[in-house]
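Peer 1: Right, I'll just put the structure down here and ask away after.
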Amino acid sequence: MNQRDVEGAARQVGDSKVVECGARVGFAASGLLHLLMAWIAVRIAWSKGGGSADQTGALGNLSGQPGGKVILWVLVVGFVLLALWHLTEAATGSPGTEAKDRAKDAVQDVAKTVLFMGLAWTTYKFASGGSSSSSGNTRDFTAKLMHQPFGRVLVAIIGLVILGVGAYHLYKGWTEKFREDLQGNPGDAVIHAGRIGYVAKGIALAIVGGLFVVGGAKGSTKETTGLDGALRTLLEQPFGKILLTVVALGIACYGIYSFACAKFAKV
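FYI, the numbering for the sequence shown is 0 to 266, going by numbering that gives the first Met the number 0.
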């Protein structure tokens, strides 16, 4: 089987109605998680506790609701099919795209494939009655990594990569480049939500990356706690409650934009 055969098979899978509908469910699932994360972040800002303001906190919150397990299984399917769609996009690319841009798009689609497969696996664990903690898992991972040769450097490099992803989110939101991912006429409200959401998520990811860089420099895993730790770091700053609330509202906007992608994304 040559490359053309592989691309043809990937395009056929990506264009199937099952994958298309599943991918749109995946966008809606991402929207739901971000809205729950935003709600948890607001609770953390204005009351004690509140849970973990990341994907695992949102999934844990959902699993405890009536009918939550059923919704979680729907999310698992949506995330798997959304990951599959991104994988087919990585294999086929957009027709007429230059080789340089196609390679860049392929890297992004592979990264999103890994992201959504990870979300699918985490959601599966909650749907099947288990639990997880992304902050704890992240800290354990960085602790093991730091014990490897050049481990602290590797942790710092991971932080720089996350910083780069955050910067790209800021760029994509500020310039409204995300419009390229949409079709039809989503309306001004969706565009405004997308812009605010991407900028807010970019800020959150930049803080996560910065904490990884600091953790690598110090040789400490205290800072490497992922998104929940980053948002709680905001809370420790002057006017922390206001800052965290503003970022939480931005994350909610990203959730609204993700719901809109379930209808308007180019799938």
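Think of the CB as a built atom: it goes at the ideal place given N, C-alpha and C, for glycine as much as any other residue.
Taking its Cβ as the centre, do 16 or more other Cβ atoms sit within 10 Å of His146, making it buried, or is it exposed?
Peer 2: Result: exposed.
Peer 1: Please state whether DSSP places Ala264 in a helix, a strand or coil.
Peer 2: Strand.
Peer 1: With distance defined between alpha-carbon atoms, name the residue in Val106, Val213, Ile190 nearest to Ser257.
Peer 2: The shortest Cα separation from Ser257 among Val106, Val213, Ile190 belongs to Ile190.
Peer 1: For Ser275, is the classification buried or exposed, using 16 other Cβ atoms within 10 angstroms of its Cβ as the cut-off for buried?
Peer 2: Missing from the structure shown is residue 275; the chain here goes from 0 to 266 and no further.
Peer 1: Could you work out which residue in Gly254, Gly214, Leu153, Lys262 is closest to Trp38 when comparing CA atoms only?
Peer 2: Comparing Cα-Cα distances from Trp38 to each of Gly254, Gly214, Leu153, Lys262, the minimum goes to Gly254.
Peer 1: Measuring only the C-alpha atoms, how far is Ala28 from Leu233?
Peer 2: Looking at the two C-alpha atoms, the distance is approximately 26 Å.
Peer 1: Contact between the region 208 to 215 and the region 154 to 161: three or more CB pairs below 8 Å?
Peer 2: Because the criterion of three Cβ pairs below 8 Å is met, the region 208 to 215 and the region 154 to 161 touch.
Peer 1: Given a cut-off of 8 Å on the beta-carbon distance, is the pair Ala57 and Thr244 in contact?
Peer 2: No. Outside cutoff.
Peer 1: In the DSSP output, which residue or residues are listed as bridge partners for Leu181?
Peer 2: Ala264.
Peer 1: Pop quiz: Ala203 and Ala229 are said to be a contact at Cβ under 8 Å. What is the actual Cβ separation, rounded to whole angstroms?
Peer 2: Yes, they are in contact, since the Cβ atoms of Ala203 and Ala229 sit about 6 Å apart, within 8 Å.
Peer 1: Distance, Cα to Cα, Lys124 vs Gln54?
Peer 2: Looking at the two C-alpha atoms, the distance is approximately 12 Å.
Peer 1: Mapping DSSP to helix, strand and coil, what is Gln54?
Peer 2: It is helical.
Peer 1: Quick check on Ser219: does DSSP put it in helix, strand or coil?
Peer 2: Here Ser219 sits in coil by DSSP.
Peer 1: Do Gly196 and Gly249 have their C-beta atoms within less than 8 Å of each other?
Peer 2: Yes; because the gap between Cβ atoms is below 8 Å, this pair is in contact.
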